[in-house]
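Protein chains in written order, with the working numbering: chain A, 1 to 584; chain B, 1 to 183.
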Ligand SMILES: Cc1ncc(C[n+]2csc(CCOP(=O)(O)OP(=O)(O)O)c2C)c(N)n1
Ligand SMILES: [Mg+2]
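This is the structure we're talking about:
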């Protein structure tokens with residue numbers, strides 16, 4: 001490490017480091033392999049020892065990109081994502097990803113530079129109260145007041161970000177703190193982290209397990225309602241084993257896609273506003289819902305009093321504040337998901353015979369599968385068909401990211417996810433612009449995998465500049481823009497609920513020229529307006545593995561996402577695709 | 001969920017379903033803001049709040065919060081509070097089991113006519129005169145919130161220059177089961 005000098009004391013070696021060196025060394029101690037960031041005045045001291053570090057730095061073009069890349073990295077790898085930015089505008093630019101990670105319980109550590117401690121509170125150049133701003137959207141944050149405290153703050157940040165219910169933790173480091181000297185040390189025990197109010201680990205409550213097993217034993221119409229917590233606690237194997245042993249139907253929420261194989265016959269797919277008819281209806285008719293790391297989000301429940309009215313609830317979550325927040329839990333078990341499923345398996349808990357239940361479910365499945373209108377050879381392209389065609393041509397294990405809107409729902413519906421970490425999206429916050437930078441982060445974390453971003457034209461325009469980062473850093477992602485010339489999801493709502501009064505949703509298919517824009521950013525740009533061009537463009541994209549590829553797919557603006565439960569409506573009032581309406 | 005009312009600290013408006021949360025927090029910069037911010041963003045109503053160093057002075061402070069259990073289920077308030085990393089322990093003291101005390105300080109304008117009757121009020125309420133000048137007296141009452149409410153009502157018959165109340169602090173009554181402690 002540059003500028004490191006050793007002073008020998010009588011007994012031990014004291015290593016004197018600058019705060020900046022200590023910060024980088026602390027990140028190395030935590031096993032960080034990559035930082036997504038962009039330098040500036042207040043964080044300048046930290047960028048110097050970074051030159052000599054083993055840690056890779058990905059220089060972004062906008063700090064929002066750094067945050068979403070860190071999220072994509074975390075969601076694809078299960079390891080915490082790290083971003084580093086300067087004070088003031090650098091810090092405020094990363095607020096959206098922090099809020100996004102908070103909503104989706106994604107482990108992040110964000111390092112922000114801060115003005116010197118003496119200048120704090122004086123409206124100094126590029127000062128902003130980023131710990132105050134992010135108080136409500138971080139799991140915790142720290143303002144580090146001395147260089148000696150840097151190792152403790154960094155170690156505590158990683159501990160908090162990755163244990164219990166994961167989340168983003170911000171560490172704000174004033175410039176004089178990174179410039180001053182400290183005697184190197186690193187916390188060796190949890191006690192040294194000095195977190196007297198933080199107790200993420202709990203013992204499994206065996207009484208509750210027994211009560212839950214009691215409910216399982218009586219259940220005739222159980223549903224496994226699988227949420228993002230199942231992925232966060234890496235419980236996919238236990239889920240598969242429990243589901244297969246008991247024969248229960250499984251639904252995976254938007255945050256849990258990939259936690260259970262889509263190809264599995266017991267999988268009904270995604271529940272919620274744009275969920276599968278069978279998944280939504282099975283929940284509605286169930287007599288026992290086993291919630292595994294899900295949080296009864298309004299996009300899943302619809303009208304809350306009408307949600308699964310006859311179901312008893314077993315609610316498994318590591319965060320006990322989720323219990324009884326939305327829906328009363330008949331049995332609440334605070335634990336990670338895997339441990340509970342193992343306990344159920346150990347006790348050989350089984351429900352009643354489910355033959356009748358499966359007969360009903362299979363009837364719903366057969367009556368209302370996912371459908372879309374016949375593709376038209378000369379275009380415009382059906383967005384669902386584009387996604388299916390990309391999926392068919394993709395290598396197994398391909399990671400998919402998305403923006404937010406119609407394309408996101410179609411991606412979740414029509415891509416078949418087989419393993420954890422292959423679906424990376426913005427659920428709780430619904431942040432447009434998430435897709436491209438998240439794909440870059442995912443590719444950095446899993447360079448062995450193909451990474452496709454299924455994006456909307458609106459979303460693409462929000463963060464596309466990060467393709468410059470991708471090209472410069474050699475991160476060959478593939479981006480499919482489903483170019484419907486509209487803020488499509490908003491257009492859909494205006495069509496359905498505002499009497500087709502379209503207000504500020506038209507974007508134009510040709511402005512910008514996505515192909516030229518891609519080329520200007522050093523990427524390969526392709527366009528597909530008909531089915532032949534579509535297949536050709538996908539094949540070309542799959543043959544390019546050294547630079548990013550962007551495909552402008554010209555899709556039908558009038559396409560809408562179905563099924564759909566209108567906001568606040570009961571899940572019983574699910575609207576199916578027009579093709580299926582007569583038969584309903 | 002109700003719209004949160006502004007933090008007034010007006011203990012005379014204590015809601016029927018109030019609860020007292022005695023919250024032990026790390027004595028660090030910004031912790032009060034974290035607690036207050038949580039109440040604000042989750043729409044939980046605070047009726048009064050008192051903060052001071054706890055018995056283990058250097059490390060911890062105690063925040064006594066009177067909450068409106070009608071603005072949100074108490075369980076949600078407690079569990080969300082418990083998620084704050086700087087919150088070390090929470091005791092929920094139900095009003096029935098609580099010994100609640102509060103301090104009232106008031107400066108009242110007096111003249112020859114009113115002074116005697118004011119002294120009478122002071123005597124009956126158990127308050128004490130702590131300062132006097134030619135035209136006013138400052139009195140103090142340390143008592144139950146109800147006693148402070150009562151005195152405040154009595155003082156409406158006089159010209160009050162200033163009246164301050166601290167917001168209550170509370171301990172469980174002796175012999176009562178230890179309050180539910182969540183840590
Ligand atoms: C940052 C942000 N701003 C606004 C919205 C509201 N919003 C949700 S979907 C959507 C339209 C997205 O358009 P596009 O990316 O073209 O996707 P499409 O729905 O057309 O597939 C908008 C504006 C949002 N989710 N995020
Ligand atoms: Mg669009």
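Even for Gly, the Cβ is constructed at its ideal location relative to N, Cα and C.
Kindly identify the DSSP beta-bridge partner or partners of residue i.
i, result
"residue 317 of chain A", "A/334"
"residue 31 of chain B", "DSSP output for residue 31 of chain B lists no bridge partner at all."
"residue 453 of chain A", "A/401, A/479"
"residue 138 of chain B", "B/107, B/131"
"residue 83 of chain A", "A/36, A/110"
"residue 173 of chain A", "A/113"
"residue 163 of chain B", "B/106"
"residue 18 of chain A", "A/181"
Cβ of residue i within 7 Å of any heavy atom in ligand 2?
i, result
"residue 522 of chain A", "no"
"residue 421 of chain A", "no"
"residue 430 of chain A", "no"
"residue 194 of chain A", "no"
"residue 457 of chain A", "yes"
"residue 336 of chain A", "no"
"residue 486 of chain A", "yes"
Output yes if chain B places a C-beta closer than 8 Å to the C-beta of residue i; else output no.
i, result
"residue 321 of chain A", "yes"
"residue 131 of chain A", "yes"
"residue 41 of chain A", "no"
"residue 160 of chain A", "yes"
"residue 57 of chain A", "no"
"residue 121 of chain A", "no"
Comparing the C-beta of residue i with each C-beta of chain A, is any distance below 8 Å?
i, result
"residue 41 of chain B", "yes"
"residue 170 of chain B", "no"
"residue 85 of chain B", "yes"
"residue 106 of chain B", "no"
"residue 143 of chain B", "no"
"residue 73 of chain B", "yes"
"residue 34 of chain B", "yes"
"residue 70 of chain B", "no"
Roughly how many whole angstroms lie between the Cα atoms of residue i and residue j?
i, j, result
"residue 514 of chain A", "residue 91 of chain A", "30 Å"
"residue 172 of chain A", "residue 30 of chain B", "14 Å"
"residue 331 of chain A", "residue 99 of chain A", "30 Å"
"residue 104 of chain A", "residue 419 of chain A", "19 Å"
"residue 187 of chain A", "residue 286 of chain A", "49 Å"
"residue 564 of chain A", "residue 26 of chain A", "48 Å"
"residue 208 of chain A", "residue 319 of chain A", "16 Å"
"residue 107 of chain A", "residue 101 of chain B", "44 Å"
"residue 303 of chain A", "residue 570 of chain A", "5 Å"
"residue 595 of chain A", "residue 134 of chain A", "Here chain A covers residues 1 to 584 and nothing more, so residue 595 of chain A does not appear."
"residue 408 of chain A", "residue 62 of chain B", "47 Å"
"residue 358 of chain A", "residue 314 of chain A", "21 Å"
"residue 1 of chain B", "residue 153 of chain B", "Any reading at residue 1 of chain B is ruled out, since the residue's pLDDT is 37, under 50, leaving its predicted position unreliable."
Measuring CA to CA, which of the options is closest to residue i?
i, options, result
"residue 52 of chain B", "B/46, B/40, B/26, B/70", "B/26"
"residue 422 of chain A", "A/572, A/256, A/528, A/521", "A/256"
"residue 354 of chain A", "A/394, A/277, A/288, A/302", "A/288"
"residue 482 of chain A", "A/490, A/527, A/440, A/447", "A/527"
"residue 75 of chain A", "A/149, A/167, A/205, A/366", "A/167"
"residue 411 of chain A", "A/512, A/580, A/465, A/275", "A/275"
"residue 542 of chain A", "A/389, A/531, A/416", "A/389"
"residue 387 of chain A", "A/280, A/480, A/323, A/348", "A/480"
"residue 551 of chain A", "A/474, A/452, A/566, A/568", "A/452"
"residue 254 of chain A", "A/110, A/272, A/96, A/237", "A/272"
"residue 157 of chain A", "A/146, A/198, A/316, A/97", "A/198"
"residue 396 of chain A", "A/263, A/181, A/203", "A/263"
"residue 336 of chain A", "A/321, A/317, A/351", "A/317"
May I ask you to check if the CB of residue i is nearer than 7 Å to at least one heavy atom of ligand 1?
i, result
"residue 403 of chain A", "yes"
"residue 297 of chain A", "no"
"residue 148 of chain B", "no"
"residue 506 of chain A", "no"
"residue 67 of chain A", "no"
"residue 288 of chain A", "no"
"residue 482 of chain A", "yes"
"residue 201 of chain A", "no"
Would residue i count as contacting chain C if we go by Cβ distances under 8 Å?
i, result
"residue 239 of chain A", "As a matter of chain content, chain C is missing from the structure shown, whose protein chains are A and B."
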